[in-house]
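This report concerns only the one structure given below.
Residue numbers (this note's numbering), protein chains in the order written: chain Z, 25 to 302; chain A, 25 to 302.
Set out below in structure tokens:
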């Protein structure tokens, strides 16, 4: 697994991830609740932006949250402590080399992680192996190709494309959201159901203009400015024009659209030969 | 108003519009119902694909459906007769030159029409003038820039771009959906609320693969093949490659996404000075 994280690990990025979680909690996680007594693996918890939401929404479930980055885990632990949650256990571990027995979890949750992996199919297959029969696997991913806005702007699309290119260079795929369904089916999950979660932002929704368009999306693109210029993907001038045009879409007559994809599938409850014969 | 209709007026196109309406009825019209006794203007009814749905869902409302094309109106009349509906009256008329008294309708409905007009803002302002105080105006439009799919394909995007270019040449805008909010606010409507209606299609939804991706969207793009080649926008080979790649997205591991935008706004109920002062 590639350890490069296109967004970086700075404090501003941690704040962005927490802002993002705040704005999108209901849209993305409103329908995720795990029953009392269930053991849930959160694979790739990062700084804990989703961990806090998950653990709070399912207080009776026991979460095991893993990440490859010790620094991210430390931040996640602090976030969980700050939220006074005691149903999360953290482990530093790689999704492709999990230190758990197979079929040892009731559910698996993976959010904004597959997009950063060079082998998302392999990762999903391994995560599926962690599930007990009948357990669910939940995947949430964005898709930068779902971004469009008014006024339209080639410069803004080019700035977004810098992020897509850098993420691809690091072995990831910023357009992964649309592939959640085939990836989950390919990993052998059953009853896969994918639903798009579109964030539509116009001036009648000032909270989303601020928390999503500005503080989540534009902040994310702005975050690759230096890497993109250093990599020769753009110039200071062109990148600034793109950011300016993205900001233009946050004005009173502007519109901004982005879509996340959430998939839920389950492992087959193995039927016994005697039963199938019956 | 331009009278060129980018999709043409052939029988196959009429069938496509009816298939489209069938597939999308709930998604687009499920929340549109007009009260008994209300008088509703449907502006640009075309072949009646929406008229039948509207009139059936609001049996107590009286619809006045207009279109500039006599041929389309005749088809719409047949569709309404076939559905045994008696609450629709047809008039051949131009949105920019309406033969009705101002403030003579309780509600106005306009669907897949603004995208074909060179002055959508002017059309909306005129339609707003038809409304009694407190009446609602409903707008539904697609946006071809909201189209993305898996596997991704530059050839498929180029084929879609042919449709966008032809529509622009005819004075329209195939990317209008994202502008519904600013257009409605600009036309002086109040309490404008726009909601995206995203059509997400994967193999777990075979009805949509057939009725939407194949029979609505790909059929629409396929419909501009000859005009696009004649206009020098593409070649037979490149266009065919684009259609082939769009079809590729209808296979078991394919995904297709498209978004419509629905806006509802109302005219102000003029407040009397005595009341504001109270």
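No residue lacks a Cβ here, since even glycine has one placed at the ideal position from N, Cα and C.
None of the values given here were measured: they were computed from a predicted structure.
The region 50 to 69 of chain A makes contact with the region 78 to 85 of chain A, as at least three CB pairs between them are under 8 Å. The three-state secondary structure of residue 69 of chain A, taken from DSSP, is coil.
Residue 78 of chain A counts as buried, since at least 16 other C-beta atoms from the protein chains shown sit within 10 angstroms of its C-beta.
At least one CB atom of chain Z sits nearer than 8 Å to the CB of residue 174 of chain A.
Using a CB distance cut-off of 8 Å, residue 50 of chain A does not count as an interface residue toward chain Z. Not one beta carbon of chain A lies nearer than 8 Å to the beta carbon of residue 68 of chain Z.
Under the Cβ criterion of 8 Å, residue 206 of chain A is counted among the residues facing chain Z. For residue 186 of chain Z, the closest alpha carbon among the candidates Z:263, Z:288 and Z:228 is that of Z:263. Rounded to whole angstroms, the separation of the alpha carbons of residue 110 of chain Z and residue 153 of chain Z is 26 Å. With a threshold of 8 Å between beta carbons, residue 282 of chain Z makes no contact with chain A. Within the region 109 to 147 of chain A, complete alpha helix (DSSP H) segments of at least 4 residues are not found at all. In this structure, the beta-carbon distance from residue 162 of chain Z to residue 213 of chain Z does not fall below 8 Å. Residue 49 of chain A and residue 286 of chain A have their alpha carbons spaced roughly 13 Å apart. One Cα belongs to residue 281 of chain Z, the other to residue 171 of chain Z, and the distance between them is close to 6 Å.
The C-alpha of residue 189 of chain Z lies about 19 Å from the C-alpha of residue 240 of chain Z. Within the model, the alpha-carbon separation for residue 269 of chain A versus residue 179 of chain A is close to 7 Å. Per the Cβ contact rule, the region 115 to 130 of chain Z is in contact with the region 59 to 75 of chain Z (3 or more Cβ pairs under 8 Å).
Judged by DSSP secondary structure, residue 171 of chain Z falls within the beta strand (DSSP E) whose first and last residues are 155 to 174.
Pairing residue 54 of chain Z with residue 51 of chain A, the inter-Cα distance amounts to about 21 Å. Residue 149 of chain Z is not a Cβ neighbour of residue 141 of chain Z, given a cutoff of 8 Å. Boundaries of the alpha helix (DSSP H) around residue 179 of chain A: 178 to 193. Across the set Z:125, Z:168 and Z:95, the C-alpha of Z:125 shows the shortest separation from the C-alpha of residue 156 of chain Z. Annotated as proximal: residue 226 of chain Z and residue 205 of chain A, with beta-carbon spacing under 8 Å.
At least one C-beta of chain A is nearer than 8 Å to the C-beta of residue 202 of chain Z.
Of the residues assessed, residue 191 of chain A falls on the buried side of the cut-off, its CB having 16 or more other CB atoms within 10 angstroms. Taking each of Z:250, Z:253 and Z:93 in turn and checking the Cα distance to residue 69 of chain Z, the smallest one comes out for Z:93. Under the Cβ criterion of 8 Å, residue 220 of chain Z is counted among the residues facing chain A. The contact set of residue 269 of chain Z on chain A, defined by CB atoms closer than 9 Å, is empty, because the minimum CB distance reaches about 14 Å. Membership of residue 105 of chain A in the alpha helix (DSSP H) is indicated by the continuous run 94 to 106. Per the DSSP secondary-structure output, residue 223 of chain A pairs in a beta bridge with A:282. If you check the CB distance, residue 283 of chain A and residue 230 of chain A do not come in under 8 Å.
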